[in-house]
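Just below is one structure, and these are the notes that go with it.
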């Protein structure tokens, strides 16, 4: 308190200390400062609260996909090569097709290319899944060997039996590869050899079950069947270009190899893709028989060459189908496949075989050409592997280089002297001993 003397002597001394007004504010609300409560929200006030943290969203980076430019460039080159091979066939048409060069003379050859194209399409589909199924080329011989089961008096029932056989083999293949994690090529090869070794027993079973005359559909012509096979191959290639399909195939491949999750979608995709691949292979034998394009009683496999239905035919047909698949540019790792290339490669291989057979028949030593036919197949397979590998390397996505920190190119100031100075920059020489006394 501060004492103030009175002005007049007869008045008592008074306390002149200024008193604070502590009357409550209107409305009975206490001030928000000092009591820790906000009068409006009645919530505690955090004195250390700052701005609310900004939510930062991290966008998931998409997996880079392969570039398809080089694949289409190769398909353009393949058009020229196929046209050249067909031109060579046309120049020797009289020796290859006979005196009359018409659609009837070309019909059996178109049937051959149709069957080969369906086999190559199925084999390429299994390769795109990352689980190559080498049993696909054995399915045509399986159908041709047992016509009493697959080519009955009711072809719809026979078609259902063909699909059922493909489904059973697809389930077995999926269980062994996706569940038991066996290598796909080993499972396919074992199935191929098992089917080839059972041809004798299947032929006897077909003879015992043969109870009626097999039915046949009206023949639209070998040309239209070939056009249908080409349409199926192109449609499959276009579907394989969709980003969602390519991502799903990559997930299936990772699940089989063990580098990715083995979820239900990948397993069912593998099952469905394997079923379609085996069904395409089975249709390569079913379609020629169902439309009466194979003579009655002839068990010659309507594929490249006059093979008999035995184990050798099944084994030799596999590399020919692989030649078509690899010449089409299908990646050995299932990264991409062709659109028009499979059809072009099938026609080109067929034309080359016809020209080779013509050269052998007109040469002075036909036996030499027959013995060198295996060398031709090996050369074509090596060329196909080279093309497939080259397209795989060229078509891989570009690696995005991370930005590097800029390198300092300015002049560094000199180190300060140990004794110090007025113009020192505060830097020190790390190699000098520490002169400060220990504490």
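Numbering (the numbering used here), first residue to last: 717 to 1155. Using N, Cα and C, we set each Cβ at its ideal position, and we do this for glycine too.
* To which residues of the same chain is residue 969 closer than 6 Å at the C-beta, ignoring the five residues directly before and after it? -> Excluding its 5 nearest sequence neighbours in each direction, residue 969 has C-beta neighbours in its own chain below 6 Å: 846, 1050, listed in chain order.
* For residue 921, collect the residues of the same chain with a Cβ closer than 7 Å to its Cβ; drop the 5 residues on either side in sequence, then sort them by chain order. => For residue 921, same chain residues with a beta-carbon under 7 Å away, outside a window of 5 residues either side, are 862 in chain order.
* Asked: Where does the unbroken alpha helix (DSSP H) through residue 990 begin, and where does it stop?
  -> Unbroken alpha helix (DSSP H) run through residue 990: 980–1006.
* **Beta-carbon proximity check, residue 957 vs residue 1039, cutoff 8 Å** => Result no, Cβ atoms of residue 957 and residue 1039 do not sit closer than 8 Å.
* Flag this pair as touching only if the stretch 953–967 and the stretch 790–807 have three or more C-beta atom pairs under 8 Å; answer yes or no. => With the cut-off at 8 Å, the stretch 953–967 and the stretch 790–807 do not touch.
* Endpoints, the alpha helix (DSSP H) within which residue 842 is located -> Per DSSP, the continuous alpha helix (DSSP H) segment holding residue 842 begins and ends at 819–844.
* To do: May I have the straight-line CA-CA distance separating residue 856 from residue 935, to the nearest angstrom?
  => Looking at the two C-alpha atoms, the distance is approximately 19 Å.
* Asked: Starting from residue 890 and walking both ways along the alpha helix (DSSP H), at which residues does that stretch end?
  -> In the DSSP annotation of this structure, the continuous segment of the alpha helix (DSSP H) that includes residue 890 starts and ends at 871–890.
* Where does residue 866 sit, in a helix, a strand or coil, going by DSSP? -> DSSP places residue 866 in helix when its eight states are reduced to three.
* State the Cα-Cα distance for the pair residue 1036 and residue 1048, rounded to the nearest angstrom. => Cα to Cα, residue 1036 sits roughly 16 Å from residue 1048.
* Measure the CB-CB distance between residue 952 and residue 837 and report whether it falls below 8 Å. => Taking 8 Å as the Cβ cut-off, residue 952 and residue 837 qualify as a contacting pair.
* Asked: Is it buried or exposed for residue 872, if we count other Cβ within 10 angstroms and need 16 for buried?
  -> It counts as exposed.
* Asked: Is the distance from the Cβ of residue 1061 to the Cβ of residue 839 below 8 Å?
  -> Taking 8 Å as the Cβ cut-off, residue 1061 and residue 839 do not qualify as a contacting pair.
* To do: Would you check if the distance between the CB atom of residue 946 and the CB atom of residue 1059 is smaller than 8 Å?
  => Cβ atoms of residue 946 and residue 1059: closer than 8 Å.
* Flag this pair as yes or no: are the beta carbons of residue 834 and residue 1100 separated by less than 8 Å? => Here residue 834 is not near residue 1100, since their CB atoms are 8 Å or more apart.
* Can the beta-carbon of residue 844 be found less than 8 Å from the beta-carbon of residue 1053? -> Yes. Within cutoff.
* To do: To the nearest angstrom, report how far apart residue 994 and residue 820 are at their CA atoms.
  => When rounded, the distance between both Cα atoms is 30 Å.
* **residue 998: CB within 7 Å of a non-hydrogen atom of the ligand ZN** => Among the components of this structure there are no ligands whatsoever, and the ligand ZN is therefore not found.
* Asked: How would you label residue 967, buried or exposed, when you count the other beta carbons within 10 angstroms and need 16 or more for buried?
  -> The residue is buried, with at least 16 neighbouring Cβ atoms inside 10 Å.
* Out of 822, 799, 1007, 826, state which residue places its alpha-carbon closest to the alpha-carbon of residue 810. => The shortest Cα separation from residue 810 among 822, 799, 1007, 826 belongs to 822.
* Whole-angstrom Cβ separation of residue 1055 and residue 954, contact assumed at under 8 Å? -> For residue 1055 against residue 954, the beta-carbon gap comes to about 6 Å, under 8 Å, which counts as contact.
* **Closest residue to residue 799 among 938, 1063, 884 (Cα-Cα distance)** => Among 938, 1063, 884, the Cα nearest to that of residue 799 is on 1063.
* Asked: Hey, residue 941 and residue 1046 are a contact pair by Cβ (cut 8 Å); roughly how many whole angstroms apart?
  -> Their Cβ separation, rounded to whole angstroms, is 23 Å, which puts residue 941 and residue 1046 out of contact at 8 Å.
* Asked: Do residue 987 and residue 887 have their C-beta atoms within less than 8 Å of each other?
  -> Yes; because the gap between Cβ atoms is below 8 Å, this pair is in contact.
* To do: Determine the direct distance from the alpha carbon of residue 978 to that of residue 824, and round the result to whole angstroms.
  => Between the C-alpha atoms of residue 824 and residue 978 there is a straight-line separation of about 45 Å.
* Asked: Going by beta carbon distance, what residues of the same chain come within less than 6 Å of residue 817, once the five residues before and after it are set aside?
  -> Counting only Cβ-Cβ distances below 6 Å, and skipping sequence neighbours, we find 809.
* Compare the C-alpha of residue 901 against each of 859, 1109, 924, 990 and name the closest. => Comparing alpha carbon positions, the residue from 859, 1109, 924, 990 closest to residue 901 is 990.
* Which residues bound the alpha helix (DSSP H) around residue 783? -> Neither: residue 783 is in no alpha helix (DSSP H) and is coded neither H nor E.
* Asked: Mind checking residue 791: buried by the 16 CB within 10 Å criterion, or exposed?
  -> Residue 791 counts as buried, since at least 16 other C-beta atoms from the protein chains shown sit within 10 angstroms of its C-beta.
* Once you ignore the five residues that flank residue 1000 on each side, which residues in its own chain have a CB closer than 6 Å to its CB? -> Same-chain partners within the cutoff: 831, 834, 835, 856.
* Secondary structure of residue 1053, DSSP reduced to three states -> Coil at residue 1053, not helix or strand.
* To do: With a 10 Å radius around its C-beta and 16 neighbouring C-beta atoms as the bar for buried, classify residue 974 as buried or exposed.
  => Counting C-beta atoms within 10 angstroms of its own C-beta, residue 974 has fewer than 16 neighbours from the protein chains shown and is therefore classed as exposed.
* **Proximity to residue 1006 [Cα-Cα], best of 976, 950, 938, 1032** => The shortest C-alpha separation from residue 1006 is found at 938.
* To do: Mind reading off the beta-carbon distance from residue 1002 to residue 852? Whole number of angstroms is fine, and I expect it under 8 Å.
  => Not a contact, Cβ separation roughly 14 Å.
* To do: Take residue 1067 and list the residues in its own chain whose beta-carbon comes closer than 8 Å to its own, dropping the five residues that flank it on each side.
  => The beta carbon of residue 1067 sits closer than 8 Å to the beta carbons of 798, 801, 802, 804, 805 from its chain, once the five residues preceding and following it are set aside; these are given in chain order.
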